[in-house]
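To get the numbering used here, take the position in the sequence shown, counting from 1, and add 3. Cβ atoms here follow ideal geometry from the backbone N, Cα and C, with glycine treated the same way. Since the model is a prediction, treat every value here as computed from it, not as a measurement.
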Amino acid sequence: MSASGANGSLFLSGAKIESWYARNLRGNDVGGLGNWSVADIVQLLKTGRNSSGAAVGSMTEVIHHSSQYWTDADLQAVAIYLKSLPADPNKPKAPQPVAPVPQPDLHSAGSLAYAQYCAVCHQNKGEGAAGVFPAMAGNPTVESRDALNLIHVILAGGKTAEVKGVHPFTMPAFAGVLSDQQVADIATFVRSGWGNSGAAVSASEVAKVRADIAKTH
Numbered sequence: 004m005s006a007s008g009a010n011g012s013l014f015l016s017g018a019k020i021e022s023w024y025a026r027n028l029r030g031n032d033v034g035g036l037g038n039w040s041v042a043d044i045v046q047l048l049k050t051g052r053n054s055s056g057a058a059v060g061s062m063t064e065v066i067h068h069s070s071q072y073w074t075d076a077d078l079q080a081v082a083i084y085l086k087s088l089p090a091d092p093n094k095p096k097a098p099q100p101v102a103p104v105p106q107p108d109l110h111s112a113g114s115l116a117y118a119q120y121c122a123v124c125h126q127n128k129g130e131g132a133a134g135v136f137p138a139m140a141g142n143p144t145v146e147s148r149d150a151l152n153l154i155h156v157i158l159a160g161g162k163t164a165e166v167k168g169v170h171p172f173t174m175p176a177f178a179g180v181l182s183d184q185q186v187a188d189i190a191t192f193v194r195s196g197w198g199n200s201g202a203a204v205s206a207s208e209v210a211k212v213r214a215d216i217a218k219t220h
């Protein structure tokens, strides 16, 4: 029997914690683990990254201090359990209609800022580098209905989990370099480019996340 939260969502179906959004771990195709295989989950818990991206925020500490040391049998058992969870019917089954976001103009403020600050790692076409820098194209964190994690990592930077035998990589923080509008421009650009379908991000959304981060640091 699954417990429900105050908002009606089921256990392990996602929540905002410490200025990050902990993703839905249930079987939803949109925003959940419906499209992940058992192997995808095992790889993330073991190494902090998989073909869909990398762990961020407090999850990197979980991997660093705990899950990288689990036995293969335990990793497999956890992954099989998570895959057994049905979708949360309170979560969207398909992307919700949003105001149309024009396909990115390569001369827009967002694309130019992306080229200056992001493309050296994430590449001009958002393809990233396999096993090193996450792709922006098709990345569930980038396309998420809630852009909190994308905004947070642009502002505060991040570091992949420190795992034995896997070199960690660090993303610099841009809070002291980019204005709220510049962060919003970059986030909007990557959320709407290369086939992504995320909604636009506003400077006011960025300002709120910036203020929330300041309270926890």
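Legend entry - Chain-order list of residues whose beta-carbon lies under 6 Å from that of glycine 201 (same chain, five-residue window excluded): Taking the sequence shown and counting its residues from 1, one reaches residue 201 at position 198. Around glycine 201: Glu146 and Arg194.
Legend entry - isoleucine 36 versus serine 87: straight-line alpha-carbon distance, rounded: In the sequence shown, counting from the first residue as 1, residue 36 sits at position 33. In the sequence shown, counting from the first residue as 1, residue 87 sits at position 84. It is leucine, not isoleucine, that sits at residue 36 in the sequence shown. If you take the alpha carbons of leucine 36 and serine 87, they lie about 10 Å apart.
Legend entry - threonine 50 burial status per 10 Å Cβ neighbour count (16 or more: buried): Counting from one through the sequence shown, the residue named residue 50 turns up at place 47. Buried, because 16 or more other Cβ atoms sit within 10 Å of the Cβ of threonine 50.
Inset, instruction - Out of Trp39, Lys162, Ser22 and Ala217, point me to the one whose CA is closest to proline 143's CA. - result: Residue mapping note: residue 143 aligns to position 140 of the sequence shown, counting from 1. The residue with the shortest Cα to Cα distance from proline 143 is Trp39.
Inset, instruction - Could you tell me how far apart the beta carbons of isoleucine 66 and leucine 85 are, in whole angstroms, since I believe they sit closer than 8 Å? - result: Translated into the one-based positions of the sequence shown, residue 66 becomes position 63. Translated into the one-based positions of the sequence shown, residue 85 becomes position 82. Isoleucine 66 to leucine 85, Cβ: 15 Å. No contact.
Inset, instruction - Give me the Cα-Cα distance between valine 101 and valine 45, rounded to the nearest whole angstrom. - result: On the sequence shown, residue 101 is found 98 positions in, with the first residue counted as 1. On the sequence shown, residue 45 is found 42 positions in, with the first residue counted as 1. Low confidence applies to valine 101: its pLDDT is 48, below 50, so where it sits in the model is not reliable enough to give any reading.
Inset, instruction - Would you mind working out which of Trp73, Gly198, Ala112 and Gln184 sits nearest serine 205, comparing C-alpha positions? - result: Mapped onto the sequence shown, residue 205 falls at position 202. Considering only alpha carbons, the answer is Gln184.
Inset, instruction - Could you check how far apart the C-beta atoms of valine 186 and valine 209 are, in whole angstroms? I think they sit under 8 Å. - result: Taking the first residue of the sequence shown as 1, we reach residue 186 at position 183. Taking the first residue of the sequence shown as 1, we reach residue 209 at position 206. Between valine 209 and valine 186 the Cβ distance is about 5 Å, and since that is below 8 Å, they are a contact.
Inset, instruction - Take every Cβ of the segment 18–27, pair it with every Cβ of the segment 124–141, and state whether three or more of those distances are shorter than 8 Å. - result: no
Legend entry - Per DSSP, the bridge partner or partners of methionine 174: As a first step, residue 174 is located in the sequence shown; it is residue number 171 there, counting from the start. Gly161, per the DSSP bridge assignment.
Inset, instruction - On the DSSP bridge assignment, give the partners of isoleucine 20 in chain order. - result: What you label residue 20 is simply residue 17 of the sequence shown in a count that begins at 1. Answer is Trp23, bridged to isoleucine 20.
Legend entry - glutamine 106 versus tyrosine 117: straight-line alpha-carbon distance, rounded: Position 103 of the sequence shown, counted from the start, is the residue given in the question as residue 106. Position 114 of the sequence shown, counted from the start, is the residue given in the question as residue 117. In this prediction, glutamine 106 scores a pLDDT of 49, lower than 50, which makes its location untrustworthy; the coordinate-derived value is nonetheless stated afterwards. Near 15 Å, if we compare the C-alpha coordinates of tyrosine 117 and glutamine 106.
Inset, instruction - Would you kindly report the start and end of the unbroken alpha helix (DSSP H) that includes leucine 28? - result: One-based indexing of the sequence shown puts residue 28 at position 25. That residue, leucine 28, is in no alpha helix (DSSP H); it is neither H nor E in DSSP.
Legend entry - Which residues DSSP lists as bridging arginine 52, in chain order: For this step, residue 52 is matched to residue 49 along the sequence shown. In the DSSP output, where bridge partners are listed per residue, arginine 52 has Ala57.
Legend entry - Element boundaries [alpha helix (DSSP H), containing methionine 62]: Numbered from 1 along the sequence shown, position 59 holds the residue referred to as residue 62. Per DSSP, methionine 62 belongs to the alpha helix (DSSP H) from 62–68.
Inset, instruction - Can you tell me which of His170, Val169 and Ala190 puts its alpha carbon nearest to the alpha carbon of valine 156? - result: On the sequence shown, residue 156 is found 153 positions in, with the first residue counted as 1. Checking every option, the nearest Cα to that of valine 156 belongs to Ala190.
Inset, instruction - Could you check how far apart the C-beta atoms of aspartate 91 and asparagine 31 are, in whole angstroms? I think they sit under 8 Å. - result: Within the sequence shown, the letter at position 88 stands for residue 91. Within the sequence shown, the letter at position 28 stands for residue 31. Right, their Cβ atoms sit about 6 Å apart.
Inset, instruction - Out of Tyr120, Leu153 and Trp197, state which residue places its alpha-carbon closest to the alpha-carbon of valine 59. - result: On the sequence shown, position 56 is the one that residue 59 refers to. Closest option to valine 59, Cα to Cα, is Leu153.
Inset, instruction - Return the chain-ordered list of same chain residues with a C-beta closer than 6 Å to the C-beta of leucine 131, the five sequence neighbours on each side being excluded. - result: Within the sequence shown, numbered from 1, the residue matching residue 131 stands at position 128. Position check: residue 131 holds glycine in this sequence, whereas leucine was assumed. Same-chain partners within the cutoff: His125, Pro137 and Ala138.
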